[in-house]
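Visitor:
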Amino acid sequence: MTVEVWPGQPFPLGATYDGAGTNFSVFTEVAEQVELCLFDAQGNETRVRLPESTAYCWHGYLPGVGPGQRYGYRVYGRYEAPAGLRCNPAKLLLDPYAKAVEGEVRWTEALYPYPLGGDVLARNDADSAPFMPRALVINPYFDWGHDYPLRRPWHETVLYEVHVKGFTATHPGVPEELRGSYSGLAHPVALEYLEKLGVTAIELLPVHQFVHDHALVERGLRNYWGYNSIGFLAPHNGYRSWGQPAEVVQEFKAMVKALHEAGIEVILDVVYNHTAEGNHLGPMLCFKGIDNAAYYRLAENDRGYYVDTTGTGNTLNMRHPHVLQLILDSLRYWATDMHVDGFRFDLAASLARQFHEVDRLSAFFDLIQCDPVVSQLKLIAEPWDLGAGGYQIGNFPPLWSEWNGRFRDTVRDYWRGKPAVLGDLGYRLTGSSDLYEASSRRPYASINFVTAHDGFTLVDLVSYDRKHNEANGAGNEGGADDNRSWNCGTEGPTDDEEIQGLRHRQQRNFLATLLLSQGVPMVCGGDEIGRTQRGNNNAYCQDNALSWFDWDHVDTELLVFTTRLIALRKRHPVFRRRRFFHGRPIHGSQLSDIGWFRPDGSEMSEEDWSDHEARSLGMFLNGDAIPDPGPRGERIRDDSFYLLCNAAAAAVSFTLPRVLQGEQWIEELDTASGFVGDPSHPDPKGPPRTWRARSQVLLEGRSVLLLRCPAAGS
């Protein structure tokens with residue numbers, strides 16, 4: 003087969019179709035020659051030498067080559083593993099800038115740079131092409147219609163962490179051929195559910211093209227979560243449901259468009275800290291063979307080995323300008339071409355390791371700050387990694403929000419009755435000013451969560467006191483809350499009504515604490531319907547019913563409770579302030595913007611906050627003291643609220659504080675009974691309870707009670 007090739011252009015990198023042909027460009031400093039390998043549907047290969055190299059970018063233009071063309075690269079150069087050089091033209095390599103990928107890795111010895119069972123620094127010359135997936139040329143054109151960025155303010159955001167496949171894999175309302183796909187998530191039934199629940203943004207577990215690990219495949223398992231990226235610009239092909247392989251891009255775009263039409267933003271969980279190639283024992287799929295020393299951080303004393311701050315074998319080299327360019331190009335592509343609204347950065351502390359320590363002034367943060375597109379998006383850091391000094395909560399720059407692990411740990415500790423946590427709980431309920439205020443950040447810097455994909459589900463959190471990861475096989479790996487979990491009695495499922503009742507109450511306590519705290523709440527998808535993983539707190543490899551939503555066994559009472567709770571938060575701006583509390587009197591009143599009280603009605607003292615025996619407190623939120631202006635600069639007023647929390651096993655009698663007496667206080671929420679006020683659907687059991695003057699409020703053990711005082715004139 004004869005292929006015409008012109009010099010083309012070095013930029014943009016990747017394969018760029020212009021309507022008449024395709025320009026190919028790949029970066030490598032170490033190559034002596036680069037071959038573009040074209041494949042037909044039968045796997046027949048045609049090699050074309052890229053004719054030009056400009057600024058270390060090898061490039062060529064092929065007229066007549068268009069969308070759907072399968073391709074890869076072979077890189078010629080030195081192979082000296084101890085020096086960090088691993089060029090080997092026997093290995094077919096994916097394009098780091100591939101925008102779509104066909105097929106999966108088919109595990110065999112040919113995929114490895116060394117002979118299995120032999121010297122790990124030796125060269126393996128077996129051809130890997132028959133076992134490798136192919137990059138695809140895509141058609142970049144798509145009719146977005148009137149789609150536009152929703153740009154919902156952070157303080158009005160309710161996040162919903164969810165897996166593309168797991169959400170609809172068994173949904174009876176979604177056509178079978180669309181279940182578990184991008185189109186399934188965009189189906190009207192799925193959209194209606196998300197709209198009714200009230201979430202404003204979905205945070206998708208990784209959708210960059212990823213690899214199912216060799217060790218998992220050998221055990222009959224799959225990398226379900228997807229934290230094993232190999233293509234930072236390609237939507238994962240396993241979630242495609244229609245069209246030709248390259249049309250996975252159109253399917254993803256259609257999903258985003260449909261979600262935007264429903265008023266829901268799309269945030270991607272992105273994994274730029276490492277790749278699927280692992281350490282010196284891992285395969286050669288892409289970056290290793292293109293320019294190993296540029297893309298990865300290598301051990302200083304022996305460059306045949308890799309620095310690993312992620313626990314996955316390798317760490318991307320954030321000191322190299324082309325690595326930084328790849329990440330920024332990826333972020334801009336997903337924002338401008340795919341219309342996503344933000345990103346959650348996995349193990350983000352690794353991205354800040356320009357040298358050894360985590361540096362909030364690193365080049366990565368500088369580039370994000372200066373980028374006119376990416377800097378305007380929602381940016382969320384997972385503020386830790388496994389390297390030295392990797393726990394960096396509160397230390398990210400002002401543009402960033404962070405997964406607040408301190409919120410998770412404190413709220414769990416409080417509701418399990420751990421002593422001396424009231425002081426920390428006060429900070430978590432009010433937006434964690436101790437972590438964020440000093441750096442000019444706002445309460446919405448705190449992404450609050452109690453559960454997430456990595457750990458127990460909510461129902462399992464209150465049902466198991468140890469992990470049950472036997473299905474994971476070798477290693478029985480633990481999750482994020484390994485050795486930190488607890489239950490409410492007999493472990494696992496039980497028919498005991500008292501134990502089941504307490505478990506249900508604790509689930510409501512966690513949800514109420516989450517959704518009534520300042521900051522941005524993140525609900526772990528499925529918690530609202532009682533999704534269980536049967537005690538598995540690390541289901542990363544369980545691509546099956548253990549991880550998928552079970553739509554046949556929905557806890558409808560919990561779903562109604564959660565839906566009403568989200569609606570309550572949305573109705574009242576006092577729960578989603580844009581500024582921190584200051585505790586000062588407002589407008590000459592004796593009432594501050596916030597007040598803290600003991601059960602006897604007296605104000606909390608410094609000693610009360612550290613009392614080892616105290617398990618109860620009251621928090622007053624002044625709806626007449628919201629510092630946030632409205633859209634036209636007008637003053638915002640709201641009802642006032644008194645939040646009562648009791649983590650003790652026994653009931654506690656609360657007295658309304660003297661400064662709050664004389665007004666009518668209406669029951670708005672009670673986790674003991676499961677009641678949440680809903681103006682559009684009055685409770686069938688009758689009107690909510692009310693209190694006045696020195697009324698005694700009896701708060702059941704392990705429960706939350708929320709009282710509302712209507713604003714004057716409402």
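Whatever position you read off the sequence shown (first residue = 1), add 2 for our numbering.
Note that beta-carbon positions come from the ideal geometry of N, C-alpha and C, so glycine has one too.
In this text the structure is predicted, and so the values were computed from the model without any measurement.
Determine, using beta carbons only, whether Thr459 and Gln535 come nearer to each other than 7 Å.
Guide: Going by C-beta atoms, Thr459 is nearer than 7 Å to Gln535.
Visitor: Report the option in Asp129, His341, Val556 whose CA atom is closest to the CA atom of Gln378.
Guide: Among Asp129, His341, Val556, the Cα nearest to that of Gln378 belongs to His341.
Visitor: Counting only the same chain and skipping the five closest in sequence on each side, list residues whose C-beta sits under 7 Å from that of Asn316.
Guide: Taken in chain order, the residues that qualify are His276, Thr277, Glu279, Gly280, Asn281, Tyr298, Tyr308, Asp310.
Visitor: With 16 as the cutoff for other CB atoms within 10 Å, does Cys647 come out buried or exposed?
Guide: Buried is the call here.
Visitor: Apart from the five residues on each side of it in sequence, which residues of its chain come closer than 8 Å, Cβ to Cβ, to Met286?
Guide: So the qualifying residues of the chain are Arg88, Asn90, Lys93, Leu95, Leu113, Tyr114, Pro115, Ser130, Glu279.
Visitor: Are the stretch 453 to 467 and the stretch 526 to 541 touching by the rule of at least three beta carbon pairs closer than 8 Å?
Guide: With a cut-off of 8 Å, the stretch 526 to 541 and the stretch 453 to 467 count as touching, because enough Cβ pairs lie within range.
Visitor: Among Gly240, Asn471, Asn294, Gly284, which one has its Cα closest to the Cα of Ala85?
Guide: For the residues Gly240, Asn471, Asn294, Gly284, the minimum Cα distance to Ala85 belongs to Asn294.
Visitor: Just mark Val107 as buried or exposed, buried being the case when its beta carbon has 16 or more other beta carbons within 10 Å.
Guide: Per the 10 Å Cβ criterion, buried.
Visitor: Would you be able to state if there are at least three C-beta pairs under 8 Å between the stretch 504 to 523 and the stretch 136 to 154?
Guide: With a cut-off of 8 Å, the stretch 504 to 523 and the stretch 136 to 154 do not count as touching, because too few Cβ pairs lie within range.
Visitor: Scan the stretch 83 to 144 and note each continuous beta strand (DSSP E) run of 3 residues or more that stays entirely inside, going in chain order.
Guide: Runs of the beta strand (DSSP E) inside the stretch 83 to 144: 136 to 138.
Visitor: Here's the rule I'm using: 16 or more other beta-carbon atoms within 10 Å means buried, otherwise exposed. How should Gln327 be labelled?
Guide: Flag for Gln327 reads exposed.
Visitor: Assuming Phe345 and Ile269 are in contact, meaning their beta carbons sit under 8 Å apart, how far apart are those beta carbons, in whole angstroms?
Guide: Their Cβ separation, rounded to whole angstroms, is 6 Å, which keeps Phe345 and Ile269 in contact under 8 Å.
Visitor: Compute the Euclidean distance between the alpha carbons of Phe583 and Leu138, then round it to the nearest angstrom.
Guide: Each residue's alpha carbon lies about 53 Å from the other.
Visitor: So what does DSSP say about Pro49, is it helix, strand or coil?
Guide: One detail in the question is off: residue 49 reads as Arg in this sequence, not Pro. Reduced to three states, the DSSP call for Arg49 is strand.
Visitor: Using a Cβ-Cβ cut-off of 6 Å (strictly less than) and excluding sequence neighbours within five positions of Gly21, which residues of its own chain qualify?
Guide: Here the set comprises nothing.
Visitor: For Pro601, does the count of other Cβ atoms within 10 angstroms reach 16, so buried, or fall short, so exposed?
Guide: Buried: at least 16 other Cβ atoms inside 10 Å.
Visitor: Would you call the stretch 490 to 499 and the stretch 656 to 664 touching, i.e. three or more CB-CB distances under 8 Å?
Guide: They do not touch, by the three-pair rule.
Visitor: Tell me the DSSP secondary structure of Asp640 in three-state form.
Guide: Coil.
Visitor: How about Tyr229 and Val273: are their beta carbons less than 7 Å apart?
Guide: Cβ atoms of Tyr229 and Val273: closer than 7 Å.
Visitor: Who pairs with Asp271 in a beta bridge, going by DSSP?
Guide: The partner list for Asp271 (beta bridge, DSSP) reads Arg346.
Visitor: Let me confirm a value: Ala652 is counted as buried when at least 16 other C-beta atoms fall within 10 Å, else exposed. Which label applies?
Guide: Answer is exposed; the Cβ neighbour count stays below 16.
Visitor: Measuring alpha carbon to alpha carbon, tell me which residue in Pro12, Arg221, Val36 is nearest Ser27.
Guide: Of the candidates Pro12, Arg221, Val36, the one whose C-alpha sits nearest the C-alpha of Ser27 is Pro12.
Visitor: Is Val654 helix, strand or coil when you go by DSSP?
Guide: Three-state DSSP puts Val654 in a strand.
Visitor: Exposed or buried, what is Val376 when buried is set at 16 or more other beta-carbons lying within 10 Å of its beta-carbon?
Guide: Looking at its Cβ environment, which holds 16 or more other Cβ atoms inside 10 Å, Val376 is buried.
Visitor: Please report the Cβ distance between Ala100 and Tyr162, rounded to the nearest whole angstrom; I am assuming they are in contact, meaning their Cβ atoms lie under 8 Å.
Guide: In fact, because the Cβ distance is near 29 Å, the residues do not count as touching under 8 Å.
Visitor: Bridge partners of Gly620, per DSSP?
Guide: Phe599, Leu646.
Visitor: Can you grab the Cα-Cα spacing for the pair Arg581 / Ala714, in whole Å?
Guide: Whole-angstrom Cα-Cα distance: 23 Å.
Visitor: Only counting the same chain, and skipping five residues up and downstream in sequence, which positions put a Cβ closer than 6 Å to that of Leu193?
Guide: Cβ neighbours of Leu193 beyond the five flanking positions: Ala264.
Visitor: On the three-state DSSP scale, how would you describe Ile628?
Guide: Correct three-state label for Ile628: coil.
Visitor: Measuring CA to CA, which of Pro69, Ala188, Thr159 is closest to Gln246?
Guide: Among Pro69, Ala188, Thr159, the Cα nearest to that of Gln246 is on Pro69.
Visitor: For Asp436, which residues in the same chain have their Cβ closer than 6 Å to its Cβ, ignoring the five residues on either side in sequence?
Guide: The answer, listed in chain order, is Tyr429.
Visitor: With a threshold of 8 Å, are at least 3 pairs of Cβ atoms found where one atom belongs to the stretch 206 to 217 and the other to the stretch 229 to 238?
Guide: With a cut-off of 8 Å, the stretch 229 to 238 and the stretch 206 to 217 count as touching, because enough Cβ pairs lie within range.
Visitor: Thinking C-beta only, is Trp417 closer than 7 Å to Asn511?
Guide: Contact: yes.
Visitor: If you check the beta carbons only, do Val50 and Gly23 fall under 7 Å apart?
Guide: Cβ distance not < 7 Å, so Val50 and Gly23 don't count as in contact.
Visitor: Return the first residue and the last residue of the beta strand (DSSP E) that Cys288 is part of.
Guide: Taken as a continuous stretch (DSSP letters only), Cys288 belongs to no beta strand (DSSP E), as it is neither H nor E.
Visitor: By the DSSP assignment, the alpha helix (DSSP H) with Arg430 in it spans what residues?
Guide: First-last of the alpha helix (DSSP H) with Arg430: 424 to 431.
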